[in-house]
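Under my numbering, residues -8 to 317 are what the sequence shown spells out, in order. Cβ atoms here follow ideal geometry from the backbone N, Cα and C, with glycine treated the same way.
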Amino acid sequence: MTLRTTHDVADAVTVLRAGGLVALPTETVYGLAGDASSPGAVARIFQVKGRPSTHPVIVHLPSASHVDAWAVDVPDWARTLMTQLWPGPLTLIVPRTSTVLDAVTGGQLTVGLRVPAHPLTLQLLERFDGGLAAPSANRYGHVSPTTAQHVADQLGEFLDADRDLVLDGGHCPVGVESTIIGAWDDTPRLLRPGAVTPEQITDITGRVVSADGAGVRAPGTTALHYAPRARVVIVEPEALSDAIAGLADGERVGVIAPAGAVVAPDVERLAAPADENEYAQGLYAALHLADESGMDVVIAVPPPARGVGVAVRDRLNRASTERTTR
Ligand code: TXA
Ligand code: MG
């Protein structure tokens, strides 16, 4: 039996209430969601992803008015961010209430919260009226999905056609995962870059954002993440043709480079984004495409380090970490 895909929010609510999992669209990437209050549902998320059980997952809420069911001692500056930037691509790591499952927090004293800005998923959350635990809907360490098809390709064989569902909401408009900010004291701490920038956070809160996570574990921030099977090589524009020329004979290569970059006509172009926003939007689709078409190498010319370009460069770096086993 093949995995069910729907556009029907009511159908998805039924699945979640029954303890099943729903792969759902957000503005960043697709998430693999289950009832965050159900130990069984949360355990299956880890199983389906093949994710180590100590890695915490983000709880997705319908609105900031749900925060107090999950968090205590939320700093005022973090409340301001919630008011101004939710729904949106921002996750706040805040001190948890005692009722939050250890499986959700990885046994830590904090919980990650966010209100996603996708209309279908917001409707789903409002009708569900609770928290949904949802990591990105990919196998552990692999490339995050930005379409329902990516989810089906990666998780189809691990999900249960009788119990689970994919909610198809089209392409994710942002394309890279949310900005994660540690919010447990006076200092906002950047744990993962995303579309919400440190400059925006400073403008809104008047606080300087620290790049120091104070030793907090945020596993999406470890090396070897977001990685396709193909080897990823990062080059500056002027080094592009040398990098292509330097490949071993017979290696199949695809290039991701800004629209203006000059690429030899016989080289396959995986993406030609006009700016850093388009780059973020198309990055994971390009990496998925490289794997589907059996490429050995992806050569990427990174976008400028501004706006969401910082997050794109971060993900490219993690995807390109030298490895021997893949
Ligand atoms: O855009 C996103 O954030 C997507 C969509 C689906 O919402 N979700 C996502 O989830 O990227 P995931 O699980 O792939 O990455 C969440 C990151 C992980 O690196 C995790 O370690 C970190 O958030 N995280 C979650 N709760 C945490 C906590 N209490 N303390 C520290 N890090 C936490
Ligand atoms: Mg992830």
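Any non-hydrogen atom of the ligand SAH closer than 6 Å to residue i Cβ
| i | result |
| --- | --- |
| Ser169 | Only the ligand TXA and the ligand MG can be found as ligands here, which leaves the ligand SAH out of the picture. |
Short Cβ contact (7 Å threshold) for residue i with residue j
| i | j | result |
| --- | --- | --- |
| Ala94 | Gly22 | no |
| Val200 | Ile192 | yes |
| Ala27 | Leu123 | yes |
| Leu261 | Leu280 | yes |
| Ala143 | Leu12 | no |
| Val0 | Gln140 | no |
| Val303 | Ala271 | yes |
| Val63 | Pro86 | yes |
| Val91 | Trp68 | no |
| Val157 | Ala276 | no |
| His216 | Gly132 | yes |
| Ala236 | Ala310 | no |
| Ala296 | Ile225 | no |
| Arg130 | Val4 | no |
| Pro294 | Glu267 | yes |
| Val253 | Val246 | no |
| Gly160 | Leu111 | yes |
Given residue i as reference, the closest of the options once Cα atoms are compared
| i | options | result |
| --- | --- | --- |
| Leu83 | Gly237, Val187 and Val246 | Val187 |
| Pro184 | Pro47, Val167, Asp120 and Leu7 | Val167 |
| Cys163 | Leu156, Asp287 and Gly273 | Gly273 |
| Lys40 | Asp176, Val134, Glu18 and Glu190 | Val134 |
| Leu72 | Ala218, Ile172, Gln140 and Glu229 | Ile172 |
| Ala128 | Gly121, Arg304, Gly300 and Leu146 | Leu146 |
| Ser169 | Arg8, Glu18, Tyr217 and Leu7 | Glu18 |
| Pro80 | Gly103, Leu92 and Asp67 | Gly103 |
| Asp287 | Arg222, Thr88, Thr137 and Asp151 | Arg222 |
| Glu148 | Gln38, Gly300, Pro249 and Asp282 | Gln38 |
Contact test: residue i Cβ vs the ligand TXA heavy atom, cutoff 6 Å
| i | result |
| --- | --- |
| Ala125 | yes |
| Thr96 | yes |
| His46 | yes |
| Thr101 | yes |
| Ile192 | no |
| Gly79 | no |
| Thr88 | no |
| Thr82 | yes |
| Ile36 | no |
Contact the region 105 to 121 vs the region 45 to 52: 3+ CB pairs below 8 Å: Judged by Cβ distances under 8 Å, the region 105 to 121 makes contact with the region 45 to 52, as three or more pairs qualify.
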